[in-house]
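Beneath this line is the structure, given in structure tokens, with notes to follow.
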Amino acid sequence: MTTVLERVRSGREAAGERWRGAPRWVRWALLVAVIAFFYALPNKEFYQYLGPIPTPGANFTQVLFTVSIYVLLAVGLNIVVGFAGLLDLGYFGFFAVGAYTVAVLTSPSSNLKTLWPWLLVVPLAIGLTMLSGVMLGTPTLRLRGDYLAIVTLGFAEMIRIAAVSSEFLKGQRGFNQIPHPPGKYADGKPFFGVLDARPYYWLVLTLIILVVIGVRNLTHSRVGRAWISIREDEDAAQLMGVPTFKFKLWAFASGAAIAGLAGALFAGKQNFVNSQNFELLNSIIILAAVIFGGSGNIVGAIVGGGLVAYMIERFRGIELFGVELYEYRFLIFGLVLVVMMIFRPEGLIPNRRRAAEFKDRRKEVIVGE
Amino acid sequence: MLLEIDDVSLLYGRIQALHGISLTVAEGEIVALIGANGAGKSTTMRAISGIRPIATGSIRFEGEDISKLRADLRVRRGLCQAPEGRGIFPGMSVLENLDMGAYTRRDRAGIAEDLARVLDLFPRLAERRKQAGGTLSGGEQQMLAVGRALMSRPKLLLLDEPSMGLAPMLIQQIFDIIKEINEQGTTVLLVEQNAQQALARAHRAYVLETGKIVKTGTGAELLHDPAVKEAYLGVA
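Top line first, the protein sequences correspond to chains A and B. Residue numbering for the first sequence follows UniProt numbering, starting at 1 and increasing by one per position. Residue numbering for the second sequence follows UniProt numbering, starting at 1 and increasing by one per position.
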């Protein structure tokens with residue numbers, strides 16, 4: 001057992017070494033190939049040759065859209081949890097704020113009757129989500145550790161309950177006829193229609209790439225160094241002159257902004273938003289996805305978010321001994337997580353730094369015993 | 001006076017950890033703060049660096065009251081602490097740790113100069129510059145913590161138990177380095193359990209007992225003080 005694990009580990013390390021040692025053009029070529037693959041993926045002409053990858057029980061293109069939204073959310077939550085080390089259990093709450101901002105300002109069923117176009121509301125949704133992040137963060141980020149987790153959990157529940165019971169937010173009836181993103185084909189048919197999910201997926205994919213570039217630049221800057229130092233040792237960070245509160249708030253607000261963007265995209269695609277879209281479970285799934293993939297690593301967050309969202313959908317339509325596996329998806333998901341945390345607590349594709357922190361903590365535990 | 005602490009009290013919840021402490025540090029000095037476990041030495045350091053808010057009294061740095069100033073702003077004024085024990089960033093390499101020490105600075109040339117100086121002071125760190133901080137030995141981590149604090153080019157360097165958990169030879173070495181740092185122009189306030197070494201090198205020292213200062217004098221005076229000898233130097 002151990003030897004197998006060791007071999008897997010050394011194999012993966014070797015792969016990592018080869019990746020880092022490869023010439024620049026090889027890495028670029030691979031990256032371009034991967035991106036091209038994902039752009040091509042929702043086309044039936046392409047995915048029908050991919051064997052077991054397309055989902056049997058659901059429209060694969062729709063699934064891809066859902067997966068892409070989860071990936072975007074995972075990239076955003078990774079800033080908060082992975083880089084700054086703040087445990088946010090209510091991240092989906094920000095997603096809800098983004099989606100509802102769009103719904104309230106664009107839908108004809110809204111009391112406001114503003115009926116603004118989707119594109120105009122997107123920056124507003126992002127801004128408002130960011131603001132809600134700052135409002136939530138200002139009193140709570142002065143506290144440390146577990147408090148934040150509880151407060152964020154409460155925040156997400158507050159948003160959900162407000163959505164369920166407030167007359168203004170329409171509860172289960174929800175908002176309909178939320179406008180789609182703009183754009184027309186040459187023949188006058190809208191680019192973002194009802195039936196074809198591909199354009200939405202491409203839009204989210206493009207935004208993911210842009211967000212990842214932005215986040216990457218941020219993490220290689222002074223801001224990123226400050227976040228990492230806070231995660232590793234908040235007292236020491238402050239003793240080095242890092243304004244910790246300010247940077248924690250920044251991480252929180254940037255993460256929230258990305259969730260707001262995801263919410264706005266979701267609302268524009270679904271055309272309909274109601275209170276059932278924002279269960280607490282979603283927050284947990286995204287957090288699990290980030291940790292599963294390797295928190296603190298952008299690639300890890302992407303892989304984690306993608307795999308987790310895809311795995312859950314993949315169970316649809318599979319029968320085993322007469323039971324539909326989809327019914328047991330969370331059982332299986334939970335099992336995978338438990339096994340994962342035992343054998344690889346740092347995630348699938350960990351940050352090298354993060355792996356060192358884990359070793360350090362383990363050493364501390366041993367010393368303490 | 002570079003640092004003046006006047007009648008400072010500090011509370012941990014309902015427990016009073018410091019009872020009206022007053023001390024001063026003049027420019028160019030090495031001042032030692034000695035005392036037993038739990039006497040309030042590290043707490044005094046935390047109060048000075050701003051990690052813990054004080055309840056009463058005042059802390060003045062270069063004549064200005066910094067009692068209410070945030071910790072990171074105190075660093076910008078030139079007051080930097082090397083935290084006790086494992087206060088380094090375990091996932092960052094030695095160089096990245098040192099780089100964090102210079103976080104408040106933007107003068108690249110000066111930073112490079114100080115980096116060379118720190119690596120010169122601690123050749124062990126130079127050998128391990130690419131290694132993650134968490135994988136260093138206890139002594140090396142201690143050196144890294146001191147070196148990192150130096151990278152901010154502080155006017156006052158606060159050292160919390162620099163000799164903790166080190167082998168005797170290393171203790172000797174780290175105190176020699178502290179002396180050297182001081183001779184190069186940095187004022188040092190030092191908290192130590194190893195009273196012998198600290199008093200031998202300090203210009204002045206304070207003895208702390210259960211949150212109060214009970215004795216003060218030059219390092220040499222205290223080193224020969226019978227009560228101090230009995231309590232802290234292990235000689236009857």
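Glycine residues also receive a C-beta, built at the ideal position from the N, C-alpha and C atoms.
Would you mind working out which of A:Phe46, A:Arg216, A:Ala74 sits nearest isoleucine 285 (chain A), comparing C-alpha positions?
A:Ala74
Just to confirm, is the Cβ distance from leucine 203 (chain A) to leucine 261 (chain A) under 8 angstroms?
No, they are not a contact pair.
Counting only runs of 3+ residues fully inside the stretch 11-38 of chain B, write out the beta strand (DSSP E) ranges in chain order.
15-25, 30-35
Figure out for me which residue from B:Thr186, B:Leu208, B:Gly219, B:Gly110 has the closest Cα to the Cα of alanine 198 (chain B).
B:Gly219
Indicate whether at least one CB of chain C lies closer than 8 angstroms to the CB of arginine 142 (chain A).
This model lacks chain C altogether, as its protein chains are A and B.
DSSP-derived helix/strand/coil call for isoleucine 213 (chain B):
strand
Which first and last residues belong to the alpha helix (DSSP H) in which aspartate 176 (chain B) is found?
168-183
So, is asparagine 274 (chain A) buried or exposed, given that buried needs 16 or more other C-beta atoms within 10 angstroms?
The residue is buried, with at least 16 neighbouring Cβ atoms inside 10 Å.
Answer yes or no: does any C-beta atom of chain A fall closer than 8 angstroms to that of methionine 100 (chain B)?
yes
Under 8 angstroms between the Cβ atoms of tryptophan 227 (chain A) and phenylalanine 245 (chain A)?
No. Outside cutoff.
Suppose the cutoff is 8 angstroms on Cβ atoms and the five residues either side in sequence are ignored; what does the same chain contact list for valine 212 (chain A) look like?
Scanning its chain for C-beta atoms nearer than 8 angstroms, with the 5 sequence neighbours on each side dropped, one finds around valine 212 (chain A) the residues Val75, Ile298, Ile302, in chain order.
Verify the CB distance criterion: does glutamine 238 (chain A) have a CB-CB separation below 8 angstroms to chain B?
yes
Give me the Cα-Cα distance between valine 31 (chain B) and isoleucine 171 (chain B), rounded to the nearest whole angstrom.
17 angstroms
Applying the 10 Å Cβ sphere with the 16-neighbour rule, what's the burial state of isoleucine 366 (chain A)?
Because the pLDDT of isoleucine 366 (chain A) is 49, which lies under 50, any placement of that residue in the model is unreliable, and the number read from its coordinates should be weighed accordingly. Exposed is the call here.
Contact the stretch 74-90 of chain B vs the stretch 152-171 of chain B: 3+ CB pairs below 8 angstroms
yes
Tell me which residues of the stretch 189-219 of chain A have at least one Cβ-Cβ distance to chain B shorter than 8 angstroms, keeping chain order.
none
Kindly identify the DSSP beta-bridge partner or partners of glutamine 81 (chain B).
B:Leu158
Name, please, each residue of chain B whose Cβ falls closer than 7 angstroms to the Cβ of glycine 241 (chain A).
Asp72, Val75, Arg76, Tyr103, Thr104, Ser152
Decide if the stretch 130-140 of chain B is in contact with the stretch 68-82 of chain B; the criterion is three or more beta carbon pairs, one per stretch, under 8 angstroms apart.
no
Strictly under 8 angstroms for the Cβ-Cβ distance: is residue 400 (chain A) near chain B by that measure?
What the structure shows of chain A is the stretch from 1 to 369, and residue 400 (chain A) is not part of that stretch, so it cannot be assessed.
Residues in the same chain with beta-carbon distance under 6 angstroms from asparagine 176 (chain A), minus the five sequence neighbours each way, listed in chain order, please.
Ser109, Phe272
Which of the three DSSP states, helix, strand or coil, is assigned to glycine 57 (chain B)?
It is a strand residue.
Could one say the Cβ of glutamate 369 (chain A) lies closer than 8 angstroms to chain B's Cβ atoms, at least one of them?
With a pLDDT of 34 at glutamate 369 (chain A), under the threshold of 50, the modelled position of that residue is not reliable, and no figure is offered here.
Kindly indicate which three-state DSSP category aspartate 7 (chain B) falls into: helix, strand or coil?
Strand at aspartate 7 (chain B).
So is glutamate 59 (chain B) in contact with chain A if we call contact Cβ pairs under 8 angstroms?
A small fix is needed here, since residue 59 (chain B) is isoleucine in this sequence, not glutamate. It does not; no Cβ of chain A falls within 8 angstroms.
Since I believe valine 8 (chain B) is in contact with glycine 40 (chain B) (beta carbons under 8 angstroms), could you give me their beta-carbon distance rounded to a whole number of angstroms?
At roughly 10 angstroms, the Cβ-Cβ gap does not stay under 8 angstroms, so glycine 40 (chain B) and valine 8 (chain B) are not in contact.
Alanine 236 (chain B) to threonine 140 (chain A) span [Cα, whole Å]:
Model confidence at alanine 236 (chain B) stands at a pLDDT of 49, short of 50, so the residue's coordinates are unreliable and nothing is read from them.
May I ask you to report which of helix, strand or coil DSSP gives leucine 307 (chain A)?
helix
Applying a beta-carbon distance threshold of less than 9 angstroms, which residues of chain A neighbour isoleucine 51 (chain B)?
Neighbours of isoleucine 51 (chain B) in chain A, taken as residues at a C-beta separation under 9 angstroms, are given in chain order as Asp235, Gln238, Leu239.
Label glycine 13 (chain B) either buried or exposed according to how many other C-beta atoms from any shown protein chain fall within 10 Å of its C-beta, with 16 as the threshold for buried.
exposed
Would you kindly check if the distance between the Cβ of glycine 317 (chain A) and the Cβ of glycine 154 (chain A) is under 8 angstroms?
no
Buried or exposed for phenylalanine 122 (chain B), please, with buried defined as at least 16 other CB atoms from any protein chain shown within 10 angstroms of its CB.
Buried, because 16 or more other Cβ atoms sit within 10 Å of the Cβ of phenylalanine 122 (chain B).
Exposed or buried, which one is arginine 144 (chain A) when buried takes at least 16 other CB atoms within 10 Å?
exposed
Could you list the residues in the stretch 163-193 of chain B with a C-beta less than 8 angstroms from some C-beta on chain A, going in chain order?
none
So who's on the other strand from glutamate 324 (chain A), going by DSSP bridges?
A:Glu319
Could you work out which residues of chain A lie near isoleucine 88 (chain B), taking near to mean beta carbons separated by less than 9 angstroms?
Glu232, Asp233, Ala236
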